[in-house]
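Chemist:
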Amino acid sequence: MSKYITTPIYYVNGEAHIGHAYTTFIADTIARYERLKGERTYFLTGTDEHGQKIEESAQKNNKPTQEFANEISATFKSLWDEFDIGYDKFIRTTDEDHKIGVQKAFETMYAKGDIYKDFYEGHYCVSCETFFPETQLIDGEFCPDCGRTTNVVKEESYFFRLSKYEDKLLAYYEDHPDFVLPRSRINEVKNFVKGGLRDLSVTRTSFTWGVKMPKSFDDDKHVMYVWLDALLNYITALGYGKDEANMDYWPASIQLVGKDILRFHAIYWPAFLMSLELPLPKHIGAHGWWTRDGEKMSKSKGNVIAPKEVADAYGAENLRYFMLREVPFGQDGDFSQRAFIDRINSELSNDLGNLLNRIIGMSGKYSEFNINSVDVLKYHKKELTKMNEVLDSLDVLMENLQTHRYLEELWKLFAIGNKAIEEHAPWVKMKENKKDEALATVALIANILARASVMLHPVMPNTTNTIADALNFEINNNSYKKFILDKNMLEPFVIKKVPPLFPRVEELLIPEAPRAEPNSLKDTPKENKQVLAEEDNLIEIGQFFETSLQVGTIVEALEVPKSKKLLKLQVDLGEENVKQIVAGIKEFYTTEDLLGTQACVVANLKPAKLMGMLSEGMLLAAKDEDGLCLVRPEKFKKPGTPIG
Ligand code: MSP
Numbered sequence: 004m005s006k007y008i009t010t011p012i013y014y015v016n017g018e019a020h021i022g023h024a025y026t027t028f029i030a031d032t033i034a035r036y037e038r039l040k041g042e043r044t045y046f047l048t049g050t051d052e053h054g055q056k057i058e059e060s061a062q063k064n065n066k067p068t069q070e071f072a073n074e075i076s077a078t079f080k081s082l083w084d085e086f087d088i089g090y091d092k093f094i095r096t097t098d099e100d101h102k103i104g105v106q107k108a109f110e111t112m113y114a115k116g117d118i119y120k121d122f123y124e125g126h127y128c129v130s131c132e133t134f135f136p137e138t139q140l141i142d143g144e145f146c147p148d149c150g151r152t153t154n155v156v157k158e159e160s161y162f163f164r165l166s167k168y169e170d171k172l173l174a175y176y177e178d179h180p181d182f183v184l185p186r187s188r189i190n191e192v193k194n195f196v197k198g199g200l201r202d203l204s205v206t207r208t209s210f211t212w213g214v215k216m217p218k219s220f221d222d223d224k225h226v227m228y229v230w231l232d233a234l235l236n237y238i239t240a241l242g243y244g245k246d247e248a249n250m251d252y253w254p255a256s257i258q259l260v261g262k263d264i265l266r267f268h269a270i271y272w273p274a275f276l277m278s279l280e281l282p283l284p285k286h287i288g289a290h291g292w293w294t295r296d297g298e299k300m301s302k303s304k305g306n307v308i309a310p311k312e313v314a315d316a317y318g319a320e321n322l323r324y325f326m327l328r329e330v331p332f333g334q335d336g337d338f339s340q341r342a343f344i345d346r347i348n349s350e351l352s353n354d355l356g357n358l359l360n361r362i363i364g365m366s367g368k369y370s371e372f373n374i375n376s377v378d379v380l381k382y383h384k385k386e387l388t389k390m391n392e393v394l395d396s397l398d399v400l401m402e403n404l405q406t407h408r409y410l411e412e413l414w415k416l417f418a419i420g421n422k423a424i425e426e427h428a429p430w431v432k433m434k435e436n437k438k439d440e441a442l443a444t445v446a447l448i449a450n451i452l453a454r455a456s457v458m459l460h461p462v463m464p465n466t467t468n469t470i471a472d473a474l475n476f477e478i479n480n481n482s483y484k485k486f487i488l489d490k491n492m493l494e495p496f497v498i499k500k501v502p503p504l505f506p507r508v509e510e511l512l513i514p515e516a517p518r519a520e521p522n523s524l525k526d527t528p529k530e531n532k533q534v535l536a537e538e539d540n541l542i543e544i545g546q547f548f549e550t551s552l553q554v555g556t557i558v559e560a561l562e563v564p565k566s567k568k569l570l571k572l573q574v575d576l577g578e579e580n581v582k583q584i585v586a587g588i589k590e591f592y593t594t595e596d597l598l599g600t601q602a603c604v605v606a607n608l609k610p611a612k613l614m615g616m617l618s619e620g621m622l623l624a625a626k627d628e629d630g631l632c633l634v635r636p637e638k639f640k641k642p643g644t645p646i647g
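The opening residue of the sequence shown carries number 4 in my numbering; numbering runs sequentially from there.
1. CB-CB under 6 Å to residue 4, same chain, minus the five flanking residues each way: which ones, in chain order?
2. Tell me the start and end of each unbroken alpha helix (DSSP H) in the stretch 44 to 114 that is at least 4 residues and wholly inside, in chain order.
3. For residue 290, which three-state DSSP category applies?
4. Kindly examine the ligand MSP and report whether one of its heavy atoms sits closer than 7 Å to the Cβ of residue 45.
5. Pairs of beta-carbons, one from the stretch 444 to 460 and one from the stretch 375 to 390, closer than 8 Å: are there three or more?
6. By the DSSP assignment, the alpha helix (DSSP H) with residue 23 in it spans what residues?
7. What is the DSSP secondary structure of residue 235, counted as helix, strand or coil?
8. For residue 422, which three-state DSSP category applies?
9. Closest to residue 52 by C-alpha separation, out of 67, 76, 63 and 90, would be which residue?
10. Pair every Cβ in the stretch 198 to 214 with every Cβ in the stretch 224 to 241, then say whether three or more of these pairs are closer than 8 Å.
11. Is the CB-CB distance between residue 275 and residue 241 below 8 Å?
12. What do you get for residue 537, buried or exposed, if any count of 16 or more other CB atoms within 10 angstroms of its CB means buried?
13. Measure the alpha-carbon distance for residue 595 versus residue 618 and round it to whole angstroms.
14. Taking 7 Å as the cut-off, is the C-beta of residue 261 nearer than that to any heavy atom in the ligand MSP?
15. Three or more beta-carbon pairs under 8 Å between the stretch 56 to 65 and the stretch 354 to 369, yes or no?
16. Is it buried or exposed for residue 632, if we count other Cβ within 10 angstroms and need 16 for buried?
17. How big is the Cα-Cα spacing for residue 96 and residue 569?
18. Please determine if the stretch 180 to 187 and the stretch 287 to 299 are in contact, where contact requires at least 3 C-beta pairs separated by less than 8 Å.
19. Using a Cβ distance threshold of 8 Å, determine whether the stretch 608 to 618 contacts the stretch 582 to 598, with at least three qualifying pairs required.
20. Hey, would you say residue 576 sits closer than 8 Å to residue 643, going by beta carbons?
21. Give me the residue from 49, 239 and 83 with the minimum Cα distance to residue 251.
22. Flag residue 555 as yes when its Cβ comes closer than 7 Å to any non-hydrogen atom of the ligand MSP, and as no otherwise.
23. Evaluate residue 116 with the Cβ neighbour count: other Cβ atoms within 10 Å of its Cβ, from every protein chain shown; 16 or more gives buried, anything less gives exposed.
24. For residue 516, does the count of other Cβ atoms within 10 angstroms reach 16, so buried, or fall short, so exposed?
25. When the Cα of residue 10 is compared with those of 66, 401, 430 and 91, which residue comes out closest?
26. DSSP three-state label for residue 145, please.
27. Quick check: the stretch 149 to 158 against the stretch 362 to 381, are at least 3 beta-carbon pairs closer than 8 Å?
28. Going along the chain, which residues of its own chain have a beta-carbon closer than 8 Å to the beta-carbon of residue 298, five neighbours each way excluded?
29. So does residue 233 have its beta carbon nearer than 7 Å to some heavy atom of the ligand MSP?
30. Quick one: is residue 526 buried, meaning 16 or more other Cβ sit within 10 Å of its Cβ, or exposed?
31. Within this structure, are the beta carbons of residue 451 and residue 390 separated by less than 8 Å?
32. Does DSSP put residue 408 in a helix, a strand or coil?
33. Provide the residue(s) that pair with residue 604 in DSSP beta bridges, ordered along the chain.
34. Go ahead and label residue 172 buried or exposed: buried means 16 or more other beta carbons lie within 10 angstroms of its beta carbon, across all protein chains shown.
35. Whose C-beta lies closer than 6 Å to the C-beta of residue 44 among residues of the same chain, with five residues either side of it excluded?
36. Mind checking which residues open and close the alpha helix (DSSP H) that includes residue 228?
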């Protein structure tokens, strides 16, 4: 059976950041893992180049759209090349073959009666390239996904009969509980479908930057909706609609996406495939969102972090390791240089790097770099048994995309190795004239490192090749079979000296994101670093105190005209510091309820505009199915009293 792995195709309206890199790293890791296991594998990535958003970005940059798309697409390609991403194809939606495939799909759906022509009147968000019904808008105007203003658009449009697939989709989710990974995410998809699917407008007449209608329609006013065009890339890349050369790779074994685009991949995409009578992908893997130092990355904040900058400073494969180790698949993650440095120093440098250095050093001293596994079983049966247990536990973790658990488990091998050195102290054995035992321990470590480097190879391909080279073997499907499946020992060999693989990092190597925070590695208390290394998703106490929480007294409360949700409040934080806060609590409080009462205020939020009004803070509130209530101090406190 073959394996087909895809990333989303990236919009070419800006260059890649570490969020994009994360999706690509996971996909590349899985593809390499499958190849290592000897599977016939095809790995696709590429760029999404049509639609109004790209057209507008090109205009802002004073470039013809195609030229602009070429330039940005090339930056993605060269970035992935820098990271040695082993894709089999880099598709661009402006490729002629892709356009032919999209037109073919459109014709097929139309012939089946799944596409019809009508009029559309709706609220369109250009940024999300999506129509929303009025009921879903925030305050009747703003996009429910990104919060930007939507425009009312009325146009003639072709529609895809999405509604027809509602029941089929629900039945499919029921029968395939692991269609979406992590499994827990299927609920939001099901709820969306159960809420009712409206037919989907799949063409546009308001702009021209898209795949043209098939000639047979003789309807040049329309271009294809960018999501129809984009999703089809997963099959046009295999030759759908043209030569079908690689269509035997379909269905995909895993399609990786960020959680923000899960709906498109778990609802629209399967419906399109059902219409085309093609099988559905085995899994859609939805990963979480990356922030930088706890904040959402955005160009306007100036805190977007370029993968190349990180790679140049800290090493490309160290970054891959960090991102895959740091976050449980599906959960949000935070990129902080301190957490990154901790992992480089403790896990890569101490646990792995030192182990290799130690056996190079010891074998140099005791046996002129000769390593022989002959006595390992005699002295280290216990360690070999444990090692094999760890190795046998890994496959299921990778197959379930649990890269953080996979690496955590793999690291147990180094713990076994380090413990064996401490317990057997080869230097003592040498003094006691027990050279066989000393050399057996050295050979045990070499065997541990050989297996670990095979299994770490998909995550750190070049680094592990260097380790394997030092240990006189090559990482490929043969060595996978030999060391991992058949559990053979290394043949006698002469170990090569290699320079330290993971030099320790003592300071931040790239400038901090532009915001106030402690700026030296030393500022992170040691015990907190430890906690971070051991448990996922916890914050340091310092991170909590970055939020300034204060008691505030509401001294004015006004309704916001035309808004169903917002109230405009003046909140006194003491010492003549009165902040204007626009809060979405109108459904739960009247202005009279609030006047003169106290609330807990997030006082150091960057000001934002809501419906054109400045909002300089936020009130803490708790919301459940019974409604919302403000979080307030139990007794009256002086305005401005800090909370914490
Ligand atoms: N072009 C569409 C995808 C079409 S696929 C048929 C798109 N492009 S995107 O460039 O905006 O995003 C591509 C991927 O990057 C998405 O999976 C998205 O989730 C991911 N990320 C973008 N920013 C991210 C973070 N900050 N963190 C993690 N992933 C993020 O959507």
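Glycine included, each C-beta is placed from N, C-alpha and C at the ideal position. Only a predicted model underlies this, so the values are computations on that prediction, with no experimental measurement involved.
Modeler: Result, derived from the coordinates:
1. Residue numbering aside, residue 4 sits at position 1 when the sequence shown is read from its first letter. Hits under 6 Å: none found.
2. 55 to 63, 68 to 85 and 99 to 114
3. If you number the sequence shown from 1, residue 290 lands on position 287. Three-state result, residue 290: strand.
4. As a working note, residue 45 is residue 42 in the sequence shown. No, Cβ of residue 45 sits at least 7 Å from all heavy atoms of the ligand MSP.
5. yes
6. Along the sequence shown, read from residue 1 onward, the residue named residue 23 stands at position 20. From DSSP, the alpha helix (DSSP H) with residue 23 extends over 21 to 39.
7. Numbered from 1 along the sequence shown, position 232 holds the residue referred to as residue 235. DSSP places residue 235 in coil when its eight states are reduced to three.
8. In the sequence shown, counting from the first residue as 1, residue 422 sits at position 419. Of the three classes helix, strand and coil, the one that applies to residue 422 here is helix, per DSSP.
9. As a working note, residue 52 is residue 49 in the sequence shown. Of 67, 76, 63 and 90, the residue nearest in Cα terms is 76.
10. yes
11. The sequence position of residue 275 within the sequence shown is 272, counting from 1. The sequence position of residue 241 within the sequence shown is 238, counting from 1. No, the pair does not count as a contact, with Cβ atoms beyond the cut-off.
12. Position 534 of the sequence shown, counted from the start, is the residue given in the question as residue 537. Below a pLDDT of 50, predicted positions are generally treated as unreliable, and residue 537, at 32, falls in that range; the measurement from the model is reported next regardless. Exposed is the call here.
13. The residue labelled residue 595 in the question sits at position 592 within the sequence shown. The residue labelled residue 618 in the question sits at position 615 within the sequence shown. Taking the straight line joining both Cα atoms gives about 20 Å.
14. The residue labelled residue 261 in the question sits at position 258 within the sequence shown. Yes; taking the cut-off as 7 Å, the Cβ of residue 261 has a heavy atom of the ligand MSP nearer than that.
15. no
16. Locating residue 632 in the sequence shown gives position 629, where the first residue counts as 1. With fewer than 16 other Cβ atoms within 10 Å, it is exposed.
17. For this step, residue 96 is matched to residue 93 along the sequence shown. For this step, residue 569 is matched to residue 566 along the sequence shown. Their backbone Cα atoms lie some 41 Å apart in a straight line.
18. yes
19. yes
20. As a working mapping, residue 576 is identified with position 573 in the sequence shown. As a working mapping, residue 643 is identified with position 640 in the sequence shown. Cβ atoms of residue 576 and residue 643: closer than 8 Å.
21. Reading the sequence shown from its first residue, position 248 is the one you call residue 251. Nearest of 49, 239 and 83 to residue 251, Cα basis: 239.
22. Residue mapping note: residue 555 aligns to position 552 of the sequence shown, counting from 1. It does not: the Cβ of residue 555 is nowhere closer than 7 Å to a heavy atom of the ligand MSP.
23. In the sequence shown, residue 116 corresponds to position 113, counting from 1. Exposed is the call here.
24. Taking the sequence shown and counting its residues from 1, one reaches residue 516 at position 513. So residue 516 ends up on the buried side.
25. Position 7 of the sequence shown, counting from 1, holds the residue named residue 10. When each option's Cα is compared against that of residue 10, the closest is 91.
26. Looking up residue 145 in the sequence shown gives position 142. Three-state DSSP puts residue 145 in a strand.
27. no
28. Mapped onto the sequence shown, residue 298 falls at position 295. So the qualifying residues of the chain are 304, 306, 516 and 518.
29. Counting from one through the sequence shown, the residue named residue 233 turns up at place 230. At least one heavy atom of the ligand MSP is nearer than 7 Å to the Cβ of residue 233, so yes.
30. Position 523 of the sequence shown, counted from the start, is the residue given in the question as residue 526. Annotation note: pLDDT 38 at residue 526 (below 50); position unreliable, coordinate value reported separately. By the neighbour-count rule (16 or more Cβ atoms within 10 Å), residue 526 is not buried but exposed.
31. Here the question's residue 451 lines up with position 448 in the sequence shown. Here the question's residue 390 lines up with position 387 in the sequence shown. Their beta carbons are under 8 Å apart, which means residue 451 touches residue 390 by this criterion.
32. To locate residue 408, count along the sequence shown from 1; it is residue 405. Three-state DSSP puts residue 408 in a helix.
33. Counted from its first residue, the sequence shown places residue 604 at position 601. 553 and 622, per the DSSP bridge assignment.
34. Residue mapping note: residue 172 aligns to position 169 of the sequence shown, counting from 1. With 16 or more other Cβ atoms within 10 Å, it is buried.
35. Translated into positions along the sequence shown, residue 44 becomes position 41. Contacts found: 6, 34, 37 and 38.
36. Residue mapping note: residue 228 aligns to position 225 of the sequence shown, counting from 1. Where residue 228 is concerned, there is no enclosing alpha helix (DSSP H), given that its DSSP letter is neither H nor E.
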